[in-house]
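Working notes, beginning with the structure itself.
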Amino acid sequence: MALSIETEVQYLKGVGPKLGDLLRRRGVSTVGDLLEWFPRGYEDRRAARSISTLEPNELVSIQAQVINVRSMQMGRSHRKMYEVLVGDSTGRISCKYFRVPYKGYFERFQVQSHVRVSGKVTVYRGMLQFSHPDIHLIGAEEDDQDELLPLYTETEGLRPGKLRKIMAQAINELIDHPQDPNASFKKDLSQKEDARWERNPYKALPIGVPESLPQWMLEKYELTSRSKALKEIHQPPMELGAKYLEFRSPAQKRIIFEEFFWLELHLAAIKAGVQKEKAHKMTGRLELVDQVRASLPFALTGAQSRALAEVLEDMKRAHPMHRLVQGDVGCGKTMVALLASVFANSNGFQSAIMVPTEILAEQHFKNATKLLEPFGIKVALLTGQLKAKEKQIVHDEIAAGNVHLIVGTHALIQKEVSFDRLGLVIIDEQHRFGVDQRNQLKSKGVSPHFLVMTATPIPRTLAMTVYGDLDVSIIDEMPPGRSPIVTRKVFDSKRDKVYGFMREQIGKGRQAYIVYPLVEESEAMDLKDAVSEFDKLKFKFPDLRFALLHGKMKPVEKEEIMRDFRAEKYHCLISTTVIEVGVDVPNANIMIIEHAERFGLSQLHQLRGRVGRGEHKSYCVLMLSYALSEEGRFRAEIMEQTTDGFKIAEADLELRGPGEFLGRRQSGLTGFKMANLVRDVGLLQDARKAAFEILKVDPQLKSQEHQWVNKKLLETQKQYLG
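Residue 414 in numbering that gives the first Met the number 0 sits at position 415 of the sequence shown, with consecutive numbering throughout.
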């Protein structure tokens, strides 16, 4: 039987029903899926290193002998850590695993057996080690003789050698010697039916590996064919060995470009669709905007003025605004949004601001009311905590058009809420919302203008993917007069000194936060927790008033504690990361983060942003444990060196990848099989350019050479939009 990329994988020679079922559970259903199971790296057997020459953070391969294999209980948990100790004539190194790659993995390694170890060298407590490396028995059946060996993610029940064999079989049948899988059906067709069959790629099974990109794109961006790329990724030519190790080979560049292209085409199509929608075109009535600006006790920064001008210009157009305003904590994004709502009001339209927490909703409502109601702009608050009667009154006022700006949480998207003339939708802290919630709010107006604000600065590469369908305004300037937050990393031995400094500041009338990574004590982790430390600190400092806040509390409890803390009823708030977003207490000027090495850079920056919001000099203390990894130390040093959120975001992206920045709206964007947003930014830019080019020359993708592109776009839209 001739195979196609759509043939079920079990029918590939060497697979069968049992292995086919295992592959399906891993997401490999067809032979085409198998070819897209890309190596996560390569082992260069031409350059095996000796243990004494290894350096931290190197990706290397060594040949050694097994000295010992053992498992150890991890603390008070039931989990085990596994260690394979290996050595050569120059030294020893430990290979550690916190999970079993597959059943029987460690039983293969006998003392004195010869192995090849490949992976990244890390440091733990001053000692070099491998964490989850690939270990192959030298001379075993699974240990191929190729000098550049593809390394695949380990799968229980499927040895690496077996996977490489069935991959070679797929390449042989689909790429080296492809046959027409339709031949047995086509022999019974009439000449007229046959011609019709050939013209319709959706009915005929493709022969071999079809080309998905048009010829003009391959030539313009110097891309190799898809079939050649797939073959060489799994069977890399030796002369390009170094490029494969660095993901710079022509084959890898082709697949990376393609992965970016499908996403960027999807985003470009969304943007093109938005530009076809009709929106409420707002006229240039800026008098009220100017009056509100003049009433402010401060002047807008140049960056705020620029962002506001871009927003207002969008709102004057006949199609809906889709704009992201991003900037660092405290740069003044909310003021830009409020002035945009004033412009909407001048044109007779309502605005809605949707925020992720009740605390943030109350803050926005309070600030907006104080600023706007003197100008006749009525502001309403709609949250889940309102009583049924209060909610109904707000619903009626919104429907009647008696309120002009509505601030709320998820309560805004309930079906009972009906707007009179919704013209502007503002979503604050976008990464906290899913696309469904965004669209539900948007659907309450006839193509309203749409403004996103995020206080987590987005690196340029992510902005092209996560928000590729939005125009972007950046507020890269802070209001004058704010002194930078002083940040220091401190080890546990200096704890009493930190507490002494906190008491000194509280004595001057200030307030403090202490943030913990856990709510309660955990058997699995030897970390301080908020509940236990709350009791200890109350006992240690009986003259200070402490409050406890964490995510397991009921919303009404959390709201009450925050209101009381803002009202200065407490000196110190003991909390978890529940305070990460939007909490604004100008009198609080000390942030102590316990086990700071457990937090990512983005999270540390957001927590630090809870202080420095008033006139008082502010401080952030990063409490660190002595068992500090190199990565944890690097994060702490970055926090000490800069308060620039954009620089911190770039560093965080490099350290941890894009997942930290993405919510449900972007689910799948971290699922690139080969592309890397940091490493491959040049290819990302090319792919984005190509996506807009193809829609410009063929908006409907109806030409013959774009049929595969159109098919793939429909698949991508289904993947992201459901």
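Glycine residues also receive a C-beta, built at the ideal position from the N, C-alpha and C atoms.
By the three-class DSSP mapping on this structure, what secondary structure does residue i have?
| i | result |
| --- | --- |
| GLU245 | coil |
| SER211 | coil |
| LEU157 | strand |
| LYS672 | coil |
| VAL434 | Here VAL434 scores only 49 on pLDDT, less than 50, and its place in the model is too uncertain to base an answer on. |
| GLU54 | coil |
| THR223 | coil |
| LYS414 | coil |
| PRO16 | helix |
| SER60 | strand |
| HIS394 | helix |
| THR382 | coil |
| LYS724 | There is simply no residue 724 to check, as the chain begins at 0 and stops at 721 in what is shown. |
| PHE297 | coil |
| GLN257 | A small correction: the amino acid at residue 257 is Glu; Gln does not occupy that position in the sequence shown. Three-state result, GLU257: helix. |
| SER178 | First, the residue type needs correcting, since residue 178 is Gln and not Ser in the sequence shown. Looking at GLN178 - three-state DSSP - the assignment turns out to be coil, as it is neither helix nor strand. |
| THR460 | helix |
| HIS403 | coil |
| MET80 | strand |
| LEU285 | coil |
| ARG509 | coil |
Evaluate residue i with the Cβ neighbour count: other Cβ atoms within 10 Å of its Cβ, from every protein chain shown; 16 or more gives buried, anything less gives exposed.
| i | result |
| --- | --- |
| THR89 | exposed |
| ILE392 | exposed |
| TYR101 | exposed |
| GLU257 | buried |
| LEU359 | buried |
| VAL114 | buried |
| PHE97 | exposed |
| THR152 | exposed |
| HIS570 | buried |
| ASN67 | exposed |
| ASP289 | exposed |
| GLN72 | exposed |
| ASP133 | buried |
Pull the bridge partners of residue i from the DSSP assignment, please.
| i | result |
| --- | --- |
| VAL99 | None, per the DSSP bridge assignment. |
| SER340 | DSSP output for SER340 lists no bridge partner at all. |
| MET126 | TYR123 |
| ASP583 | Looking at the DSSP assignment, ASP583 forms no beta bridge with any residue, so it has no partner. |
| ASP43 | LEU147 |
| ASP427 | MET452 |
| GLU7 | THR29 |
| SER350 | LEU404, LEU423 |
| TYR618 | VAL485, ILE589 |
| MET71 | MET80 |
Please work out which residues of its chain come closer than 8 angstroms, Cβ to Cβ, to residue i, disregarding the five sequence neighbours upstream and downstream, and give them in chain order.
| i | result |
| --- | --- |
| ASP697 | HIS705 |
| LEU53 | VAL59, ILE61, ILE92, VAL120, LEU127 |
| GLU146 | ASP43, ARG44, ARG45, MET237, GLY240 |
| ARG124 | ALA626 |
By Cβ distance below 7 angstroms, which residues in the same chain neighbour residue i in space, the five residues on each side in sequence not counted?
| i | result |
| --- | --- |
| ASN401 | LYS377 |
| THR382 | GLU357, ALA360, GLY407, THR408, ALA410 |
| ASP107 | Here residue 107 turns out to be Arg, not Asp, going by the sequence shown. If we look at ARG107 and ignore the five residues flanking it on each side, its Cβ neighbours are LEU136. |
| SER3 | PRO180, LEU204, PRO205 |
| GLU653 | VAL677 |
Which residues in the same chain as residue i place their Cβ atom closer than 6 angstroms to its Cβ, once the five residues preceding and following it in sequence are excluded?
| i | result |
| --- | --- |
| PRO307 | Correcting the residue identity first, residue 307 is Leu in this sequence and not Pro. Same-chain partners within the cutoff: VAL335, LEU338. |
| ALA298 | none |
| ALA691 | Note on identity: in this sequence residue 691 is Phe, with Ala being the wrong assignment. Excluding sequence neighbours, PHE691 sits near ALA267. |
| LEU700 | VAL708, ASN709 |
| LYS537 | PHE545 |
| GLU141 | With a pLDDT of only 48 at GLU141, under the threshold of 50, the placement of this residue in the model should not be trusted, and no figure is reported. |
| ARG431 | Any reading at ARG431 needs caution, since the residue's pLDDT is 46, under 50, leaving its predicted position unreliable; the model's value is listed next. Cβ neighbours of ARG431 beyond the five flanking positions: PRO355. |
| VAL122 | PRO55, GLU629 |
Looking at chain D, is there any beta carbon in it that lies within less than 8 angstroms of the beta carbon of residue i?
| i | result |
| --- | --- |
| PRO132 | In the structure shown, chain D does not exist; there is a single protein chain. |
Checklist entry - Does the pairing of the segment 458 to 468 with the segment 266 to 273 give three or more beta-carbon distances under 8 angstroms? => result yes
Next on the checklist: Within 8 angstroms, do at least three Cβ pairs link the segment 399 to 419 to the segment 319 to 326?
Outcome noted: no
Next on the checklist: Under 8 angstroms, with one C-beta from each stretch per pair, do the segment 344 to 357 and the segment 493 to 502 reach the 3-pair mark?
Outcome noted: Touching, no, given that fewer than three Cβ pairs across the two stretches are closer than 8 angstroms.
Item to check | Any 3 or more C-beta pairs closer than 8 angstroms across the segment 115 to 126 and the segment 204 to 217 | outcome: no
Next on the checklist: With three or more beta-carbon pairs closer than 8 angstroms as the criterion, would you say the segment 27 to 42 touches the segment 77 to 87?
Outcome noted: no
Item to check | Meets three-Cβ-pair contact criterion under 8 angstroms: the segment 209 to 220 and the segment 245 to 260 | outcome: yes
Next on the checklist: Taking contact to mean 3 or more Cβ pairs, one atom from each stretch, closer than 8 angstroms, check whether the segment 671 to 685 and the segment 620 to 639 are in contact.
Outcome noted: Under the three-pair Cβ rule at 8 angstroms, the segment 671 to 685 does not count as touching the segment 620 to 639.
Checklist entry - Looking at C-beta atoms only, is the number of pairs between the segment 501 to 516 and the segment 586 to 595 that lie closer than 8 angstroms three or more? => result yes
Checklist entry - If you pair each beta-carbon of the segment 598 to 611 with each one of the segment 311 to 325, do three or more pairs fall below 8 angstroms? => result The segment 598 to 611 vs the segment 311 to 325: no contact.
Next on the checklist: Count Cβ pairs between the segment 308 to 319 and the segment 279 to 293 that sit closer than 8 angstroms; are there 3 or more?
Outcome noted: The segment 308 to 319, when compared against the segment 279 to 293, does touch it at the 8 angstroms Cβ threshold.
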